[in-house]
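Undergrad:
The following block contains the structure:
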């Protein structure tokens, strides 16, 4: 299904008066309101194809209905989100599940929804039915050259699919690691992984980036071969200028200061992309902003500071993507909540008085520095975010409209109740 | 397949001389060696039916071959383990996967391997194909009375199956909880869960126990309705004298002092059972003793101290069970390693000079108290454990014999390479 | 020094117009604004006497200037805070440092600032110069009856001082525990501690409460004898109806769900008091709301739900206290920030639409339940909190006025630059 | 006091027969026993001067008696340890507390005990009485150039003292960081710290190394400017070939895989030194091997693998040092326990069959790889360690002899009961 623009317009019309009242208050309160609105309009967050279906845990999975059964329906779903919020203008594919049969047709389908193709994702953490070698003991780290070659070839194939679709980056998340002390020679595992990555790197087009994602644990429970930002940065530096680190919020040890990691990676010119989600215990893949919204704000505070210091463009110079799993929510509703939370954090971080903040820091005025951040964070920027959506053609309240229009019920009508989204 | 006794005898015969040399040294070194050997012979650890197949994570599963395809084959597998180590003389079943078609036949099959039926495990963390209501939002905590009733009925059915097999306890592990702030009224969830447990409790035969297992997180990622020992003890105390807490080593927050929890639960007379495994990050379900063997020893130190203080029988007054998952190992080999690690820890804890330890404590001699524990822990008790196995009819080195006899290859021959063990 | 009311009035006058503009917007936006303002006026947070000086770590301490040198000056400091925010109308004393020489004089001094005496705090985690026995190996848990008696006597003495001042509660935080495996018999340590607490309990006046505070670790680094809410609740239940658990936000293992603990303790009628602070790693004692403001809101959400369900009075039926340490901030500024953060969280939690929330929960509408909490949390309640202060006679912006009036400089002038607050 | 050799000889004589019985068993069991004994004799662990007195926490300190009152007495204490175990042949000084008045005299005093001077430690985490600028807001990271210069100058002074004593390395542990979000510009703090380190680096003699120690948290509770191995390695790589990372076991986030960090740093040629201790929660500074002895073994397993792969000398090519604090133990007894635990772990790691281990890894035989490590770890190497001590002139059981000789009582007699060791 495709959401007709008039439905959004009708909905906005009814909510307009209340919105204007709030907006006029906040545009007076916030000096740079107009600038924030414009930046919000430009800021797009990619939706990964696997987030459109119900997730699950090793203990079970409780699918909802109306999930997309094909790449075309996944694009349709992201199209729906983008129509509603005008901030989800990209899709991130997962190979092998999202191999397009007809690349040009897929490209024009996406274009019809105003979507582009963000980072391509390879998968070597699972065996496919027709696969020659197993990834049980790793892929790019594997002791057997043949297994590594299979994983390298797969990544190169993913790049080719991406080139056909106009993507310009590859995200390599490796589950490689070990479950038990003794299982792995850490050094050799690093070296083999690095050699494998080199071959993939060589296959990258000139205008492409490769993101080396790190993760502290799971599915390997003793060591991960790309386990933290330090390891990822080592790989990225050895590989060369097209290699970057990617930060996923759920991939850290307890209590990690993620915002500092972000600042250091930006300082080194090696932050490439971001996976948004939220978590309490591990890689819980919860809705962005649902557990630690202040941390999200602090991360955006560093992103803006660090990108501005390098003259980077907020909207285009980093890969922004959601990476969440929805065990108990409607995936599309969850994604609407996640995008909204990102926009709120970004808007609040744009509110920070950076001149005053640096002055407070120079004076070691810790109390004032904290106040400056909290003043921004405590500001209710919901009206600014809604206005950005409205101007771009989206709905003032995407979630409310999603429910009013019974979109999920329509999807179930079209696709059935027992569908299961392909891919992971 | 069934392991013929003569094969074990043949194997032991070859290894006997080397074993005797070690044993004679250690029986001289260790004053209570004979007592330890006898206690080891009595000490049996139940094998859960789901540990006989390859586990997996939400990211994938890499099955091995020759996994048991039926309850009968699961019993056969535990029979193999028990023949090898003479310490796995019980099996713990998981319903609905292990429902016996003919209870008497299953009982006598188990008896033919020298096995009894330990705690029965219900399952309400997953939906079954024919199930009326979904457990997506919990089972015993569910807001809908009908769902709770379904879960209660299932538990009562599990008890009935257990009665038929001669089991005398029910383990209730609930995945109930919430993934997001706001989702659950914690108090009402507790109260509903308690009411549901009351109905199950009422259905317990007089000689039965119910174990209320707790877990800090996963598969719910914000709250668990039986989340820690404090909550579990609350339920157990409210339910009555047949209700107990069950400790699973992987179900705690980072850095928890599990041995202290064990001591307090024993003090309160409310420790009912134990799930052995090991972990580094969360409920990693790794081989017992593979990550923190000293913690395992310290836990046994508390178990012995606390059980002895109450005059409890080590072998029979608590439910001992392994609960692990094997993503990269042969399940049977993993279980042999796990049982061995438990026996070593138990034997070392039996070595602790408790009189001297209490004297050191009374004198606040922290250095001496530590030395006493370390003296026990640093002792190489492998020969004592091997001797206990030998006397009971098991193999001196079960894992070595398992490999020498090509048991896995035989099982693959019988059952096929692509079998997947039923159940979870 | 004492802050004259006219200075506050003058300051408020200048800021009034901007405040009124905000307030009039928010009283229209928020249906129950008036009710929230009234509840905020009633809500008072006690200031502990040790929070008035610069804290420190084992690595050093960097004192500021003008710190209070006596009990009288501590009361003066809290008086200043209360004059500014009208929400710090109580002080919590620490014995032996705050023993009043003349109880009546101290009482009337406090009354002159509008202050009452909240929970009394005993101290057995440190040796005093004239002390007969050392607490090196614990106090109420100590193996030596004489040491326990000394600690019991000290607590009874603290009660007497409290009675003289009109306090009605005793907070017992024990650093008792162990640093090494083997050091302590956990069970006997529990039993000795319980017996000691019984003697203290017996000495409590009828209208008094005793709060048994728990802490996961530090200063003991292997076990704490009152280590978590489960242990604290065991003690409180055994002791009787005057004994309660006290929750300090920094006293948990990583990732603990504190709001659930709060809900369960309220359910059991055993939550007695609260120590506010914030932390990232352990008992960091940072400014309230500076690290995890959403967690603070979620806790207040449970407090309100649970207290309302029992018909408790928010302002009086629990002990509210800050417990922080200020290593790099002016203590009074830090406390102003902390009180403000508490008020904001309380106000936001009062905004939660509880009827709608329960409806969403009954319908398993997780998305809606989250939205309801976030709608409250994302609301900018600063104008309501400022209005509550203004009506009660406090300053619209206490921190700004504190700086405008150069209060710290005045205190330094009066007390000197090198003063060090007594006590811990 | 100085321990006469004949007392050790007398003691050993009495214990010799029992020792020989054990030794002869183990030299038969362990193929490379002789090689292990020789390596143990060469392996020396430096004692830091601050570990000779009772430590403490922010909650208090409980001094023992007979603590060293001067640098001379500290050297005497390490001399005692070294006489007993012949494995503590170096001392690591802390400036400003250990500034020698007469360098040559101190050198020859140390030489008389067979001690050399290991890494020098600067201190900028605390203000000294006569200091011009405060380190309240950091030292090498400070926003004020004058403060940085003071800290740089201090480090250069430390190098000079070290040169005079024959030391060849400088350990820089910085407490620099921040306590609150907003306080610090992470990037600028890194850059300032790096510039400061460059000046120190420039002052290093050619044969010196500088160790950039990292720590996750404490005493700063929001961020640390050298917070993890990734950050430390960045500094070390930027600084040049004389700069290395130093690993302290207690300086990590919960659940960190330290052994993998060790392997990667060795791979990069940037591991410089090691601080041994143990911990359960944070930087608890407990006796080495008292909490996680298997982790210690796994770390030594990586150290040996990685050093051998680079042809490094175990005894001399890394800086080995204990860094512990003793709140409830006699410092000298604690240090004897710590050195013993290190020796045991080292000996067990030397037992690992590396050829078989690599074969198992190449075959993805996880079970076998684990067995190989456990076979080594479960071996009782106490007799080998005792033999190494005996051959070198030390006591078979240093702790037992320490107590038999009433050394602490003698030290109290000489130095008094109320002494407090200088320094931190």
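Residue numbers (the UniProt record's numbering), protein chains in the order written: chain E, 1 to 424; chain G, 1 to 424; chain W, 1 to 424; chain X, 1 to 424.
Here a beta-carbon is modelled for each residue, glycine too, at the ideal position from N, C-alpha and C.
None of the values given here were measured: they were computed from a predicted structure.
(1) Taking just the CA atoms, how far does residue 328 (chain E) sit from residue 418 (chain E)?
(2) Going along the chain, which residues of its own chain have a beta-carbon closer than 7 Å to the beta-carbon of residue 291 (chain E), five neighbours each way excluded?
(3) Does any CB atom of chain G fall closer than 7 Å to the CB of residue 284 (chain E)?
(4) Beta-carbon of residue 366 (chain W) versus every beta-carbon of chain E: anything under 7 Å?
(5) Please return the same chain residues whose Cβ sits closer than 6 Å to the Cβ of residue 23 (chain G), not counting the five positions on each side in sequence.
(6) Within 10 angstroms of the Cβ of residue 238 (chain E), are there 16 or more other Cβ atoms? Answer buried if so, exposed if not.
(7) CB-CB under 8 Å to residue 262 (chain W), same chain, minus the five flanking residues each way: which ones, in chain order?
(8) Distance cutoff 7 Å, beta carbons only. Does residue 463 (chain E) sit that close to anything in chain X?
(9) What is the residue span of the beta strand (DSSP E) that residue 275 (chain G) lies within?
(10) Our contact map puts residue 96 (chain E) next to residue 123 (chain E) with C-beta atoms below 8 Å; I'd like the distance itself, whole angstroms only.
(11) For residue 94 (chain E), which of helix, strand or coil comes out of DSSP?
(12) Whole angstroms are fine: how far does the CA of residue 339 (chain E) sit from the CA of residue 401 (chain W)?
(13) Which ranges does the beta strand (DSSP E) cover as unbroken runs of at least 3 residues, wholly within the segment 140-200 of chain X, from first to last along the chain?
(14) For a cutoff of 7 Å on Cβ pairs, would you count residue 92 (chain X) as touching chain C?
(15) List in chain order: all unbroken beta strand (DSSP E) runs of 3+ residues lying wholly within the segment 5-81 of chain G.
(16) For chain E, check one thing: does any of its Cβ atoms lie closer than 7 Å to the Cβ of residue 143 (chain X)?
(17) Take the Cβ of residue 118 (chain X) as the centre, count every other Cβ of all protein chains shown within 10 Å, and call the residue buried at 16 or more, exposed below.
(18) Compute the distance between the beta-carbons of residue 392 (chain W) and residue 86 (chain W), then report whether it is under 7 Å.
(19) What whole-angstrom Cβ distance do residue 367 (chain G) and residue 337 (chain X) have, given they're in contact under 8 Å?
(20) Go to residue 238 (chain X), then tell me how far its alpha helix (DSSP H) extends in each direction, as first and last residue.
(21) Say whether chain E places a C-beta atom closer than 7 Å to the C-beta of residue 353 (chain W).
(22) Along chain G, in chain order, which residues have C-beta atoms closer than 7 Å to that of residue 267 (chain W)?
(23) When you compare each of G:60, G:50, G:58 and G:245 to residue 69 (chain G) by their alpha carbons, which one comes out closest?
(24) Give the list of continuous beta strand (DSSP E) stretches no shorter than 3 residues that lie fully inside the segment 291-375 of chain W.
(25) Along the alpha helix (DSSP H) that carries residue 262 (chain X), what are the first and last residues, could you check?
(26) Buried or exposed: residue 176 (chain G), going by 16 or more other Cβ atoms within 10 Å of its Cβ?
(27) How is the beta strand (DSSP E) around residue 245 (chain W) delimited, first residue to last?
(28) Just the chain X side, please: which residues come within less than 8 Å of residue 113 (chain W) by C-beta, in chain order?
(29) Provide the residue(s) that pair with residue 209 (chain E) in DSSP beta bridges, ordered along the chain.
(30) Within 7 Å (strictly less), CB to CB, does residue 129 (chain G) reach chain E?
(31) Using the beta-carbon count (16 or more within 10 Å), is residue 310 (chain W) buried or exposed?
(32) Could you tell me whether any Cβ in chain G is nearer than 7 Å to the Cβ of residue 169 (chain E)?
(33) Check whether chain X comes within 7 Å of residue 11 (chain G), counting only Cβ atoms and requiring the distance to be less than that.
(34) Going by DSSP in three states, residue 116 (chain E) sits in which element: helix, strand or coil?
(35) So the alpha helix (DSSP H) residue 287 (chain X) belongs to, where does it begin and stop?
(36) Pick out whichever of G:344, G:107, G:379 and G:252 has its Cα sitting closest to the Cα of residue 75 (chain G).
TA: Quick look at the numbers:
(1) Position 418 of the first chain, counted from the start, is the residue given in the question as residue 418 (chain E). Position 328 of the first chain, counted from the start, is the residue given in the question as residue 328 (chain E). Whole-angstrom Cα-Cα distance: 16 Å.
(2) In the first chain, residue 291 (chain E) corresponds to position 291, counting from 1. Excluding positions up to five away in sequence, the list reads 278, 279 and 280.
(3) In the first chain, residue 284 (chain E) corresponds to position 284, counting from 1. At least one chain G Cβ lies under 7 Å of residue 284 (chain E).
(4) Taking the third chain and counting its residues from 1, one reaches residue 366 (chain W) at position 366. So, interface residue.
(5) As a position in the second chain, residue 23 (chain G) is number 23, starting the count at 1. Excluding positions up to five away in sequence, the list reads 383 and 387.
(6) Here the question's residue 238 (chain E) lines up with position 238 in the first chain. Burial call: exposed.
(7) By one-based count along the third chain, residue 262 (chain W) stands at place 262. The residues are 247, 271, 299, 302, 303 and 306.
(8) Any answer about residue 463 (chain E) is impossible in this case: the structure gives chain E only from 1 up to 424.
(9) Indexing the second chain from 1 puts residue 275 (chain G) at position 275. First-last of the beta strand (DSSP E) with residue 275 (chain G): 271-276.
(10) The residue given as residue 96 (chain E) occupies position 96 in the first chain. The residue given as residue 123 (chain E) occupies position 123 in the first chain. About 7 Å; that satisfies the 8 Å criterion.
(11) The sequence position of residue 94 (chain E) within the first chain is 94, counting from 1. Of the three classes helix, strand and coil, the one that applies to residue 94 (chain E) here is strand, per DSSP.
(12) Counted from its first residue, the third chain places residue 401 (chain W) at position 401. Counted from its first residue, the first chain places residue 339 (chain E) at position 339. Going from the Cα of residue 401 (chain W) to the Cα of residue 339 (chain E) covers about 39 Å.
(13) 169-173
(14) You won't find chain C in this structure, because its protein chains are E, G, W and X.
(15) 46-48
(16) Stepping through the fourth chain from its first residue, residue 143 (chain X) is reached at position 143. So yes, residue 143 (chain X) belongs to the interface.
(17) Within the fourth chain, numbered from 1, the residue matching residue 118 (chain X) stands at position 118. Result: buried.
(18) Sequence index remark: in the third chain, residue 392 (chain W) carries index 392 (1-based). Sequence index remark: in the third chain, residue 86 (chain W) carries index 86 (1-based). Contact: yes.
(19) Stepping through the second chain from its first residue, residue 367 (chain G) is reached at position 367. Stepping through the fourth chain from its first residue, residue 337 (chain X) is reached at position 337. Residue 367 (chain G) to residue 337 (chain X), Cβ: 7 Å. Contact.
(20) Translated into positions along the fourth chain, residue 238 (chain X) becomes position 238. Residues 229-239.
(21) Locating residue 353 (chain W) in the third chain gives position 353, where the first residue counts as 1. No, no contact with chain E.
(22) Working through the third chain from its first residue, we reach residue 267 (chain W) at position 267. Result: 187 and 190.
(23) Reading the second chain from its first residue, position 69 is the one you call residue 69 (chain G). The shortest C-alpha separation from residue 69 (chain G) is found at G:50.
(24) 319-322
(25) Counting from one through the fourth chain, the residue named residue 262 (chain X) turns up at place 262. Segment 258-267, the alpha helix (DSSP H) holding residue 262 (chain X).
(26) Along the second chain, one-based indexing puts residue 176 (chain G) at 176. So residue 176 (chain G) counts as buried.
(27) In the third chain, residue 245 (chain W) corresponds to position 245, counting from 1. Segment 243-248, the beta strand (DSSP E) holding residue 245 (chain W).
(28) On the third chain, position 113 is the one that residue 113 (chain W) refers to. By Cβ distance, chain X contributes nothing, its closest Cβ being about 29 Å from residue 113 (chain W), past 8 Å.
(29) On the first chain, residue 209 (chain E) is found 209 positions in, with the first residue counted as 1. BP columns for residue 209 (chain E) point to E:169.
(30) On the second chain, residue 129 (chain G) is found 129 positions in, with the first residue counted as 1. It does not; no Cβ of chain E falls within 7 Å.
(31) If you number the third chain from 1, residue 310 (chain W) lands on position 310. With fewer than 16 other Cβ atoms within 10 Å, it is exposed.
(32) Translated into positions along the first chain, residue 169 (chain E) becomes position 169. It does not; no Cβ of chain G falls within 7 Å.
(33) Along the second chain, one-based indexing puts residue 11 (chain G) at 11. Taking Cβ atoms only, chain X never reaches closer than 7 Å to residue 11 (chain G), which makes this a no.
(34) Sequence index remark: in the first chain, residue 116 (chain E) carries index 116 (1-based). Here residue 116 (chain E) sits in strand by DSSP.
(35) Counting from 1 along the fourth chain, the entry for residue 287 (chain X) is found at position 287. First-last for residue 287 (chain X): undefined, no H or E at that position.
(36) Translated into the one-based positions of the second chain, residue 75 (chain G) becomes position 75. Residue G:107 is the option with its Cα nearest to residue 75 (chain G).
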